[in-house]
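Notes for the one structure printed next.
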Amino acid sequence: MEYMDPTGKLRQTPYQVIGFADYVKNRLAELRSPIAPPPYAMPAEKEQLAAVSEYVSQNPYQFFETYNDHVNKTLTTGKTSMITRMSDPLLYTCMEDCCAALGFGSLAGYTYEPEEAGLVYNAYATGHMDMTWVMVSNAYRKQNLLTDLELTFLLGHELGHVAGLHTSARSILKLKPESIRSQEHTADRAGLLATVWRIARLEAGLSPTEMYHKALEAGKSLRHKQHILNNVASAGPWTRQSLEEKLAEPKYAIPEKKAGRKDTHPSAWERIRALEEYVRLTEFAECIHTLWGSAHPAALRLGEEAAHV
Numbered sequence: 005m006e007y008m009d010p011t012g013k014l015r016q017t018p019y020q021v022i023g024f025a026d027y028v029k030n031r032l033a034e035l036r037s038p039i040a041p042p043p044y045a046m047p048a049e050k051e052q053l054a055a056v057s058e059y060v061s062q063n064p065y066q067f068f069e070t071y072n073d074h075v076n077k078t079l080t081t082g083k084t085s086m087i088t089r090m091s092d093p094l095l096y097t098c099m100e101d102c103c104a105a106l107g108f109g110s111l112a113g114y115t116y117e118p119e120e121a122g123l124v125y126n127a128y129a130t131g132h133m134d135m136t137w138v139m140v141s142n143a144y145r146k147q148n149l150l151t152d153l154e155l156t157f158l159l160g161h162e163l164g165h166v167a168g169l170h171t172s173a174r175s176i177l178k179l180k181p182e183s184i185r186s187q188e189h190t191a192d193r194a195g196l197l198a199t200v201w202r203i204a205r206l207e208a209g210l211s212p213t214e215m216y217h218k219a220l221e222a223g224k225s226l227r228h229k230q231h232i233l234n235n236v237a238s239a240g241p242w243t244r245q246s247l248e249e250k251l252a253e254p255k256y257a258i259p260e261k262k263a264g265r266k267d268t269h270p271s272a273w274e275r276i277r278a279l280e281e282y283v284r285l286t287e288f289a290e291c292i293h294t295l296w297g298s299a300h301p302a303a304l305r306l307g308e309e310a311a312h313v
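Encoded structure:
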């Protein structure tokens, strides 16, 4: 995939055409290597990922076959449409920025029609860092409900799940609900970082603090919109204008509610509080330095501006 870096220059990821047998051989060798946690992973996940990495190194064929079967099922069932630069330029460039920001070697995107009625507004991803498939439900695209930054956050969130091997951890380790909630916070951090990357590329004149604030607001707005979409069944059909009007109405505010002991996902209120806390941590600035280097426009001098975000 080709993408624009924050300086506005077109970059192309070099590739080499090899036979399928060689690809599988190389892929299995990579899977046997230790898998490092992404720098934005929640502390509780690092032990989980070490256990998954050990399992994958011992069972690479099973792991490789499982996620390829998942991809095949995804692309052959239901109504899917590939996202290209021509079919949806905005969604495609959001994918490019997420791919560049989070270190993915290749990314293919599709829109789809969810089979389950309760998942009309949904997205997910599968695969691995060198080849990932991301799916976005058609409702977002058809009704133009999200801004480009909200789309970037949504896509980055799903790629965060892939980078952390979250699906594998859930199936291999039989995680408890609180561990799965931790994964959701990790994925939200990935979404935030991807959004910062896009802002840095499109609005180079902003200060790091302004970039972080803008990315944070996009993440909060996305969670608020999803809260309304999933809890106000009688208000459709939605448009972006009608949805954004609801954001300002007190009766549609996100309640201050914590997830229950058996809930697998944090509440929208908890997600927003966690993001607000994350951008205040030195860990956030360190993550940007680790991912993109100190010369990147979004990088901070550690310990200075981060304390004032």
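Under the working numbering, the first residue of the sequence shown carries the number 5, and numbering increases by one thereafter. The C-beta atom is built at its ideal place from N, Cα and C for all residues, glycine as well.
Exercise. Report the partner residues of Gly113 according to the DSSP bridge assignment.
Key: Val138
Quiz item: DSSP three-state call for Met99: helix, strand or coil?
Solution: helix
Quiz item: Whose CA, out of Lys266, Lys250, Ala104, Leu123, lies closest to the CA of Leu197?
Solution: Ala104
Self-check item: Euclidean distance between Cα positions of Glu4 and Gly223
Solution: The chain is shown only over 5 to 313; residue 4 falls outside these bounds and no answer can be derived.
Quiz item: Can you tell me whether His269 is buried or exposed, with buried defined as 16 or more other CB within 10 angstroms of its CB?
Solution: exposed
Exercise. Would you list, in sequence order, the uninterrupted alpha helix (DSSP H) runs of no fewer than 4 residues that lie entirely inside the stretch 200-259?
Key: 212-235, 244-251
Quiz item: In whole angstroms, what is the alpha-carbon distance linking Ile39 and Ser57?
Solution: 5 Å
Quiz item: Would you call Thr115 buried or exposed, if buried means 16 or more other Cβ atoms sit within 10 Å of its Cβ?
Solution: buried
Quiz item: When the Cα atoms are used, what is the spatial distance from Ala302 to Val166?
Solution: 24 Å
Quiz prompt | Contact under 8 Å by Cβ, Ala173 with Gln66 | solution = no
Self-check item: N- and C-terminal bounds of the alpha helix (DSSP H) containing Gly131
Solution: Unbroken run through Gly131 is the beta strand (DSSP E), 127-132; no alpha helix (DSSP H).
Quiz prompt | Thr286 - containing alpha helix (DSSP H), residue span | solution = 286-296
Practice problem: Measure the C-alpha to C-alpha separation of Ala143 and Val124 and round it to an integer number of angstroms. | Solution: 7 Å
Quiz prompt | Start and end residues, beta strand (DSSP E) containing Ser37 | solution = Careful: Ser37 lies outside any beta strand (DSSP E) and carries neither H nor E.
Exercise. Identify whether Thr268 lies in helix, strand or coil by the three-state DSSP scheme.
Key: coil
Self-check item: Residue range of the beta strand (DSSP E) that includes Ser85
Solution: 84-86
Quiz prompt | Through-space distance from Lys180 to Asp267, alpha-carbon basis | solution = 10 Å
Quiz item: If Val283 and Leu220 are in contact, beta carbons under 8 Å, what's the gap, nearest whole angstrom?
Solution: 6 Å
Quiz item: Are the beta-carbon atoms of Gly113 and Val75 separated by less than 8 Å?
Solution: no
Quiz item: What is the rounded straight-line gap between the Cα of Arg202 and the Cα of Leu106?
Solution: 11 Å
Practice problem: Indicate whether the contact test is met: 3 or more Cβ pairs, each with one atom in the stretch 151-169 and one in the stretch 252-265, closer than 8 Å. | Solution: no
Quiz prompt | Run of the alpha helix (DSSP H) containing Tyr59, from where it starts to where it stops | solution = 47-62
Quiz item: Taking DSSP as the reference, what is the three-state secondary structure of Ile22?
Solution: coil
Quiz item: How is Gln187 classed by DSSP in three states: helix, strand or coil?
Solution: helix
Quiz prompt | Length of the line joining the Cα atoms of Cys291 and Asn148 | solution = 32 Å
Quiz prompt | Burial state of Gly160, where buried means 16 or more other Cβ atoms lie within 10 Å | solution = buried
Quiz prompt | DSSP state of Arg89 mapped onto helix, strand, coil | solution = coil
Quiz item: Any idea what DSSP makes of Gly107, helix, strand or coil?
Solution: coil
Exercise. Could you tell me the boundaries of the alpha helix (DSSP H) in which Glu162 lies?
Key: 152-167
Self-check item: Ala173 (DSSP reduced to helix, strand or coil)
Solution: helix
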